[in-house]
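Colleague: Residue numbering for the sequence shown follows UniProt numbering, starting at 1 and increasing by one per position.
Every residue gets a Cβ at the ideal spot worked out from N, C-alpha and C, and that includes glycine.
Because the structure is a prediction, the values reported are computed rather than measured.
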Amino acid sequence: MGYAGDGADKEGLAPQAGLTTGAVARRLGVSPTTLRSWDRRYGLGPASRAEGRHRRWSPRDVAMVEEMCRLAAAGAPPAEAARVARLTHGERVSAASPVPRAAAVPAGVTPRRGGPGGGLPLGDVRQECRGLARAAVRLDAPELASRLLDAVGQHGLIGAWEEVMVPTLRAVGRKWESSGDRYVEVEHLLSWQISTTLRRANLVLPHAADPVGGDPVVLACVPGEQHSLPLEALEAALEGQGVPTRMLGAAVPVEALLACVRRTGPAAVVLWAQSRSTASMPLARHVGDLRWGPAGARRRPLVLPAGPGWSRRTAEGFLRCTGLAEAVRTLSTLSGADGAVRRPSPGRD
1 MGYAGDGADK EGLAPQAGLT TGAVARRLGV SPTTLRSWDR RYGLGPASRA
51 EGRHRRWSPR DVAMVEEMCR LAAAGAPPAE AARVARLTHG ERVSAASPVP
101 RAAAVPAGVT PRRGGPGGGL PLGDVRQECR GLARAAVRLD APELASRLLD
151 AVGQHGLIGA WEEVMVPTLR AVGRKWESSG DRYVEVEHLL SWQISTTLRR
201 ANLVLPHAAD PVGGDPVVLA CVPGEQHSLP LEALEAALEG QGVPTRMLGA
251 AVPVEALLAC VRRTGPAAVV LWAQSRSTAS MPLARHVGDL RWGPAGARRR
301 PLVLPAGPGW SRRTAEGFLR CTGLAEAVRT LSTLSGADGA VRRPSPGRD
C-alpha cells in the first residue's frame, strides 16, 4: 500500500501531516470504529495528534494496523496479533535484538495469503466486498452488521444483494470447498448476518412502500433444499414494494406447501431450488394445477421456478426471471402492487 508523506491528499491527508482515521479505515477495509477500538484495547493508534486533537496516522502507524489486519486474517487471536504488530512496527526494537519478519506470525497459526479479503478469492468486485470479507474472516459480527446495512443504504436492497452480498458469499463458498472443513464458521456467520440484514433492510430504507391489499406471493424452498437466503432477499425486496408475502423458508414438505397454497389463494408461488437434485417439475406442475374459487371463476397461481437448480429445459412452459429485479417487477404486477392486478389464465377446469 502506497503512502504519501507530503502534500495534500483527497483521501484525508493534510499537508505535512498523516492520514485521518477515516482515510486509514477506507484503505484497510475496516470501519473507523474498529480502528478506535484497537487503539483503546491494544494501543494500535496514531502516535501524534494534530491541533484540535485530530488523530493523524504516520506511515509507521498505518503499517502497524496493516500487520494487525494480516495476522487477524491469518487466524491469530486479536490480542496476540496486536502484540506482534506493535513489536514489528509500533515499538522501537534495538539493533542487537531485532524482531525478524518471519516471527510476525504467532506460533501455531498457519499463515494465509493476505491482501484484500483476507485471502478469499474475490476477483473483480466492489470495495465493499473486500471489507466484508475481512470482517467475515475475523468473525467480527458487529463490523459485518454495520457494513451490510451501509451497503443497503448506499446501493438499495437489490443492488446490495447482487453486487455486495452475493459476490462475498460466493468467495467464502469457494474458499470453503477448497479448504476442507475450514471456513465453515466464516460462511455460517456471514450468512446469518446477511439474513439479519435482509429482515431489517426496510427499516433503514427511506422509501419502503406500505402494504397493499390483494393476493399474496408464497415463497418456499422445494423439499430437501436448505438454501433460503435468495428467497429472503426476494421477500425483503417485495416487502419494500408493498407486496404481501408468505415465507415458508427452507425444505418445505410437499403437503405443507400445498396446504398453504389452498388456504391463502396466492397470486404466485416461487419455488426455489439451488441444485438440480432438488428441483422437481412434477411438484411445480402440481402446484400450478391447484384451483380454488366458485365454479366459472376458479383461479390458480402462477408458479415461478427460481434458482440454478431449474434448467431451461426442465422449466419449459413456466415463467422464468433472470434476476432479483425482474422477479420483483413480475410479482409486483401479479399482486397489484403496481396498481394493475393481472392474474394468469385460469386454464381448463
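#1: How big is the Cα-Cα spacing for G288 and G249?
#2: Report yes if the CB atom of A160 is closer than 9 Å to the CB atom of A201, and no otherwise.
#3: When the Cα of residue 357 is compared with those of L189, P78 and T88, which residue comes out closest?
#4: Assuming V65 contacts L44 (C-beta within less than 8 Å), just tell me the rounded distance between them.
#5: Assuming P305 is part of the beta strand (DSSP E), what are its boundary residues?
#6: Does the separation of the CB atoms of W310 and R262 fall below 9 Å?
#7: Could you work out which residue in E316, G156, R174 and R134 is closest to R26 when comparing CA atoms only?
#8: Between the alpha carbons of R273 and L19, how many angstroms are there, rounded?
#9: What number of angstroms, rounded off, separates the C-alpha of L71 from the C-alpha of G224?
#10: Which first and last residues belong to the beta strand (DSSP E) in which residue 356 is found?
#11: Given a cut-off of 9 Å, decide if L304 and A233 are closer than it, judged by their beta-carbon atoms.
#12: Taking the straight line between their C-alpha atoms, what separation do you get for S275 and L28?
#13: Within the continuous beta strand (DSSP E) that includes T245, where are the two ends?
#14: Exposed or buried, which one is S332 when buried takes at least 16 other CB atoms within 10 Å?
#15: CB-CB under 8 Å to G153, same chain, minus the five flanking residues each way: which ones, in chain order?
#16: Taking A268 as part of the beta strand (DSSP E), name the residues at either end of that continuous run.
#17: Taking the straight line between their C-alpha atoms, what separation do you get for L334 and R298?
#18: Taking DSSP as the reference, what is the three-state secondary structure of R138?
#19: Confirm, please, whether the CB-CB distance from C129 to A171 is below 9 Å.
Modeller: Reading off the structure:
#1: Here residue 288 corresponds to residue number 288 of the sequence shown, with the count starting at 1. Here residue 249 corresponds to residue number 249 of the sequence shown, with the count starting at 1. Spanning the two alpha carbons is a distance of roughly 19 Å.
#2: By 1-based counting over the sequence shown, the position of residue 160 is 160. By 1-based counting over the sequence shown, the position of residue 201 is 201. For A160 and A201, yes; Cβs fall inside 9 Å.
#3: Outside the modelled stretch of the chain, which goes from 1 to 349, sits residue 357, for which no answer is possible.
#4: As a first step, residue 65 is located in the sequence shown; it is residue number 65 there, counting from the start. As a first step, residue 44 is located in the sequence shown; it is residue number 44 there, counting from the start. Contact flag correct, Cβ pair sits at about 6 Å.
#5: Position 305 of the sequence shown holds residue 305. Taken as a continuous stretch (DSSP letters only), the beta strand (DSSP E) holding P305 covers L302 to A306.
#6: The count along the sequence shown starts at 1 and reaches residue 310 at position 310. The count along the sequence shown starts at 1 and reaches residue 262 at position 262. Not in contact: W310 and R262 (Cβ atoms no closer than 9 Å).
#7: Along the sequence shown, one-based indexing puts residue 26 at 26. Cα-wise, what sits closest to R26 is R134.
#8: Stepping through the sequence shown from its first residue, residue 273 is reached at position 273. Stepping through the sequence shown from its first residue, residue 19 is reached at position 19. Inspection of the sequence shows that residue 273 is occupied by Ala rather than by Arg. Taking the straight line from one Cα to the other gives about 48 Å.
#9: Position 71 of the sequence shown holds residue 71. Position 224 of the sequence shown holds residue 224. Those two C-alpha atoms are separated by around 39 Å.
#10: This structure leaves residue 356 out entirely; the chain is present only between 1 and 349.
#11: Along the sequence shown, read from residue 1 onward, the residue named residue 233 stands at position 233. Along the sequence shown, read from residue 1 onward, the residue named residue 304 stands at position 304. It is not a contact, given that the beta carbons lie outside the stated cut-off.
#12: Sequence index remark: in the sequence shown, residue 275 carries index 275 (1-based). Sequence index remark: in the sequence shown, residue 28 carries index 28 (1-based). Straight-line Cα distance between these residues: approximately 36 Å.
#13: Taking the first residue of the sequence shown as position 1, residue 245 is located at position 245. Run containing T245: T245 to G249, per the beta strand (DSSP E) assignment.
#14: Taking the first residue of the sequence shown as 1, we reach residue 332 at position 332. If you draw a 10 Å sphere on the C-beta of S332, you find 16 or more other C-beta atoms in it, and that means buried.
#15: Sequence index remark: in the sequence shown, residue 153 carries index 153 (1-based). Excluding residues within five positions, the ones whose Cβ falls inside 8 Å are V204 and L205.
#16: Your numbering for residue 268 matches position 268 in the sequence shown. Where A268 is concerned, the enclosing beta strand (DSSP E) starts and stops at A268 to W272.
#17: The sequence position of residue 334 within the sequence shown is 334, counting from 1. The sequence position of residue 298 within the sequence shown is 298, counting from 1. For the pair L334 and R298, the Cα-to-Cα distance works out to about 16 Å.
#18: Numbered from 1 along the sequence shown, position 138 holds the residue referred to as residue 138. DSSP places R138 in coil when its eight states are reduced to three.
#19: Locating residue 171 in the sequence shown gives position 171, where the first residue counts as 1. Locating residue 129 in the sequence shown gives position 129, where the first residue counts as 1. Using a Cβ distance threshold of 9 Å, A171 and C129 count as a contacting pair.
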